[in-house]
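Numbering (numbering that gives the first Met the number 0), first residue to last: 0 to 482. Ideal Cβ placement from N, Cα and C applies to all residues, glycine included.
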Amino acid sequence: MSNINLDLQASHKMLMLLDEANANTESVIDLIPGIFLIVNENCEILRANREFVDLFGFEYEYALRLPLSRFFRKQSWEIFSSNIKQVIDSPTDGATIKFELALSFENPELEGRPFHWILTKQNVKNAGEGQLISVFGHDLTEMRDTEKKLVEIFTSIPLGIFTINRDGTVGGSHSSYLTAMLDCGNVKGRLVYDVLFKPALSSMSERETAGAKAVSRCMGESETEFATLSATFPQQIFHNVRRDPKEGRWFKVTYQPIVFNRIVEQILIILEDRTAIVTAEKEMVNAAKERERARLLEKQSLAIYESAIRDPLTGLYTRLYMKEAVAAMLDAHDNGEISQVSMVIFDIDHFKRVNDTYGHKNGDLVLSQVAGVVLRQSKEPEIPIRFGGEEFLIFMPCGGEDAFAVAERVRNETEGLSFDLGDAVIRVTISGGVASRLNGETLEDFMHRADELLYKAKKNGRNQNVAEQRNLDGIPDRRIGVH
């Protein structure tokens with residue numbers, strides 16, 4: 000291959016590399032955040048990044064050679080162009096000027112938008128264009144909006160915010176709400192102990208009072224010493240400059256050191272008015288105490304009621320309860336709300352012999368365990384009662400056959416019990432009389448008929464239940480048999 004061809008190929012490759020490098024440069028410029036421009040000494044735009052053309056809605060080619068003055072009003076441009084001239088006239092290569100100036104453009108969204116500008120004199124001087132200047136602009140709109148919000152917050156937030164100087168006095172900058180919170184007029188230059196802690200001493204402990212004095216003492220100390228002392232600072236105080244305690248306020252106090260060269264130069268204090276919260280918490284505590292007191296009273300009342308209606312030895316209902324509960328069941332029967340009512344009266348067989356032979360303590364053991372059988376075999380809404388001594392009753396809203404089945408379950412389970420009394424192991428049996436109530440029948444007559452059937456069971460040999468037999472009209476006759 001000839002040298003000419005080689006030279007042509009090398010030249011073509013070099014041109015391709017230059018084009019690629021130029022394209023890469025453009026890509027890098029487009030990645031620069033904010034506005035980036037290259038202008039000549041006549042303030043014409045020679046190069047612009049993508050954010051600039053997008054901001055103003057131009058095509059890239061249209062933006063080139065546009066005068067930069069087009070984007071500013073007359074007075075603003077005089078300031079901007081004066082700064083460009085200073086950069087150009089500076090004898091120093093790479094001279095830079097920084098300033099803040101708002102854009103002024105036809106677009107209402109951009110009008111008055113604040114920018115921070117950096118003008119830099121480029122070292123390269125183009126013979127055709129003259130001196131080149133790079134222009135970088137950072138949009139400050141968001142930052143200014145944030146600052147505005149912070150100012151609004153600082154002046155309107157319901158917090159007391161202030162700084163303590165080295166001499167223990169309140170600094171000049173503080174939130175507007177502070178004076179209203181402390182209720183003491185102008186606080187600037189006054190001792191923080193006097194305006195913040197002194198009106199709260201009556202509600203502070205000795206440790207908190209010492210901590211309040213330590214707040215000013217830690218000024219000028221190291222961060223380590225501050226950390227030690229701050230553990231004693233009061234965290235919540237009741238601030239009251241008036242005599243009426245109802246007019247005081249609860250403050251939560253937060254302390255933040257402002258450190259320079261590891262020395263505490265100032266302390267930022269934030270006061271949060273927690274009066275409503277503390278009051279609500281106290282009311283909640285008092286309400287909780289009242290609820291607990293009411294619960295205990297209810298529990299005590301229930302215990303008293305239970306002790307009145309429950310036999311302490313057996314756990315069965317007492318005669319007192321029987322008068323109310325059984326009366327209600329009989330009324331429901333008379334009114335047709337319950338179709339049938341039956342009862343069983345039980346008596347432990349030869350129980351006196353158990354007491355006489357093994358003592359009343361062992362007799363009570365037998366009573367409680369047999370009563371447990373009666374209680375287990377009774378289901379709601381049946382009413383199991385200790386009537387007296389070794390006699391138990393069950394009132395049931397059912398017919399005679401169902402009542403007799405309950406009585407048999409009690410008898411069978413009782414017969415299977417054994418009682419280890421130490422010197423002897425014994426067994427007991429139980430007998431019962433089962434009767435069904437006649438509509439309108441009194442409780443006394445009803446129980447009398449059941450008691451007669453119990454007597455029959457005892458007479459027939461015990462360990463059995465006896466129920467009445469009924470004629471075709473459902474009325475019990477006097478023929479009594481064992482079931």
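Quiz item: Hey, Val169 and Glu222: beta-carbon distance below 8 Å or not?
Solution: No, the Cβ-Cβ distance between Val169 and Glu222 is not below 8 Å.
Quiz item: Is the Cβ-Cβ distance between Gly439 and Ala456 less than 8 Å?
Solution: For Gly439 and Ala456, no; Cβs fall outside 8 Å.
Exercise. Quick one: grab the DSSP three-state call for Ser221.
Key: strand
Quiz item: What three-state label does DSSP hand Asn462 in the structure shown?
Solution: coil
Practice problem: Flag this pair as yes or no: are the beta carbons of Asn39 and Leu131 separated by less than 8 Å? | Solution: yes
Exercise. Could you tell me if Val86 is buried or exposed, where buried requires 16 or more neighbouring beta carbons within 10 angstroms of its beta carbon?
Key: By the Cβ neighbour-count rule, Val86 is buried, with 16 or more other Cβ atoms within 10 Å of its own.
Self-check item: Alpha carbon of Phe225 to alpha carbon of Lys73, nearest angstrom
Solution: Phe225 and Lys73 have their C-alpha atoms spaced approximately 55 Å apart.
Exercise. For my contact list, Lys97 and Trp116 are in at a C-beta cut-off of 8 Å; report their separation, rounded to the angstrom.
Key: 7 Å
Quiz item: Around the Cβ of Ala449, are there at least 16 other Cβ atoms within 10 angstroms (buried) or fewer (exposed)?
Solution: buried
Quiz item: At a cut of 8 Å, does the segment 391-400 reach the segment 343-357 through at least three beta carbon pairs?
Solution: Counting Cβ pairs under 8 Å, three or more are found: they touch.
Exercise. Tell whether a beta-carbon distance below 8 Å holds between Thr162 and Gln234.
Key: no
Exercise. Can you check DSSP and say which residues form a bridge with Trp116?
Key: Phe98 and Gly136
Exercise. Whole angstroms is fine: what's the gap from Val340's alpha carbon to Ala287's?
Key: 46 Å
Self-check item: 7 Å Cβ shell around Thr313 - same chain, five flanking residues per side excluded
Solution: Counting only residues of its own chain and dropping the five nearest sequence neighbours on each side, Thr313 has a CB closer than 7 Å to the CB of Leu366, Ser367, Ala370 and Arg385.
Quiz item: Are the segment 169-183 and the segment 240-258 touching by the rule of at least three beta carbon pairs closer than 8 Å?
Solution: yes
Quiz item: Rounded to whole angstroms, how far is the Cβ of Arg46 from the Cβ of Ile34, which I believe are closer than 8 Å?
Solution: Not a contact, Cβ separation roughly 12 Å.
Quiz item: Going by beta carbon distance, what residues of the same chain come within less than 6 Å of Arg143, once the five residues before and after it are set aside?
Solution: Pro113
Quiz prompt | Nonlocal neighbours in the same chain, by C-beta distance under 6 Å from Val52, ignoring five residues either side | solution = Tyr59 and Ala62
Exercise. Tell me whether the beta-carbon of Leu190 lies closer than 8 Å to the beta-carbon of Ala213.
Key: no
Practice problem: Tell me Ala47's beta-bridge partners as DSSP assigns them. | Solution: Here Ala47 is bridged, per DSSP, to Leu36.
Quiz item: Between Ile512 and Tyr316, is the Cβ-Cβ spacing less than 8 Å?
Solution: What the structure shows of the chain is the stretch from 0 to 482, and residue 512 is not part of that stretch, so it cannot be assessed.
Quiz prompt | For Glu280 and Lys245, the rounded distance between their alpha carbons | solution = 16 Å
Quiz item: Quick one: what's got a C-beta closer than 8 Å to Phe232's C-beta in the same chain, skipping five residues either side?
Solution: Gly210, Ala211, Ala213, Val214, Val252 and Tyr254
Exercise. Quick one: grab the DSSP three-state call for Asn411.
Key: helix
Quiz item: DSSP state of Ala423, grouped into three classes?
Solution: coil
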